[in-house]
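Below is one structure, written out as structure tokens; the observations come after it.
Residue numbers (the UniProt record's numbering): 1 to 244.
In structure tokens form, the structure reads like this:
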């Protein structure tokens, strides 16, 4: 893209919105569909219309958006990204360590296509609050060869590196950011490829395989998005989900 696009999509009122929603019954067009019952699965059974389709798991904070200071910033390109997911009948699952009202408010503001089907938020069923916590993709109850997770935290994809794409931390601002544009192309190629997710990520030219240090100090090898902004040799990251 030739110029940076406006990334601040909500001001200080955004924080008031989700904090207020936490104190009342929200009146929203979509409710999070996390399964909190006594079962290993974190979302309901798959709708028949998604049978055989890609299951795309999206982190929120520092991956798609930044909202820790009050205003809501979103990586540019999300409108086109979610529209593609809707057009390709992708089952989109938001999985965040954020609280329910916070996660729901973000989805309301960034998903104009109503592409998000499920929203998994902070809950004792999966979130430990300890360094190194991960997102167990098997708990989705979906065929793993159809599941792809987009994350900025390597620990969250531990054990599922062949099903994950790591992106650089996003911290708002108005600088040039092509991450979502590149991810849109990745999803388009994957949906058209007829490959399994592990087959595709191992061959996609927009991805590179690289070792990266985790929150608990060891190194795991992941597939990272190569948009010339992510440098694992110099980039020092902090998992802010553990600072709340």
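Heads up, the beta-carbon is just placed ideally off N, CA and C, and yes, glycines get one too. As the structure is a prediction and not an experimental result, all values here were calculated from the model.
Beta-carbon proximity of residue i to residue j, cut-off 8 Å
i, j, result
"residue 271", "residue 55", "For the chain, the structure presents residues 1 to 244; residue 271 sits outside this window and is missing."
"residue 307", "residue 116", "There is no way to answer for residue 307, as the model of the chain reaches only from 1 to 244."
"residue 188", "residue 58", "no"
"residue 60", "residue 75", "no"
"residue 197", "residue 223", "no"
"residue 152", "residue 62", "yes"
"residue 36", "residue 123", "yes"
Residue i burial status per 10 Å Cβ neighbour count (16 or more: buried)
i, result
"residue 114", "exposed"
"residue 40", "exposed"
"residue 70", "exposed"
"residue 168", "buried"
"residue 170", "buried"
"residue 218", "exposed"
"residue 104", "buried"
"residue 214", "buried"
Residue i, enclosing beta strand (DSSP E) - first and last residue
i, result
"residue 118", "116 to 120"
"residue 208", "207 to 213"
"residue 74", "72 to 74"
"residue 221", "219 to 225"
"residue 149", "147 to 151"
"residue 57", "55 to 58"
"residue 166", "164 to 166"
Cβ-Cβ separation, residue j to residue i (assumed contact under 8 Å), whole Å
i, j, result
"residue 166", "residue 186", "Contact flag wrong, Cβ pair sits at about 12 Å."
"residue 212", "residue 154", "5 Å"
"residue 106", "residue 67", "7 Å"
"residue 159", "residue 134", "7 Å"
"residue 112", "residue 79", "6 Å"
"residue 183", "residue 150", "7 Å"
Alpha-carbon spacing of residue i relative to residue j, whole angstroms
i, j, result
"residue 50", "residue 226", "29 Å"
"residue 272", "residue 97", "As shown, the chain starts at 1 and ends at 244. That puts residue 272 outside it, with no answer to give."
"residue 233", "residue 131", "With a pLDDT of 39 at residue 233, under the threshold of 50, the predicted position of this residue should be treated as unreliable, though the coordinate-derived value follows. Looking at the two C-alpha atoms, the distance is approximately 21 Å."
"residue 88", "residue 204", "19 Å"
"residue 53", "residue 146", "7 Å"
"residue 118", "residue 210", "30 Å"
"residue 72", "residue 8", "6 Å"
"residue 33", "residue 126", "15 Å"
"residue 220", "residue 174", "31 Å"
"residue 44", "residue 120", "11 Å"
"residue 109", "residue 81", "14 Å"
"residue 23", "residue 199", "Low confidence applies here, because residue 23 scores a pLDDT of 49, under 50, leaving its location unreliable; read the following figure in that light. Looking at the two C-alpha atoms, the distance is approximately 45 Å."
"residue 77", "residue 102", "21 Å"
"residue 137", "residue 176", "32 Å"
Boundaries of the alpha helix (DSSP H) in which residue i is found, first to last residue
i, result
"residue 128", "Unbroken run through residue 128: none, as it is neither H nor E."
"residue 106", "100 to 110"
"residue 93", "Segment 91 to 95 is the beta strand (DSSP E) holding residue 93; no alpha helix (DSSP H) there."
"residue 49", "First-last for residue 49: undefined, no H or E at that position."
Cβ-heavy atom distance, residue i to the ligand ADP, below 7 Å
i, result
"residue 214", "Ligands are entirely absent from the displayed structure, and the ligand ADP is therefore not among its contents."
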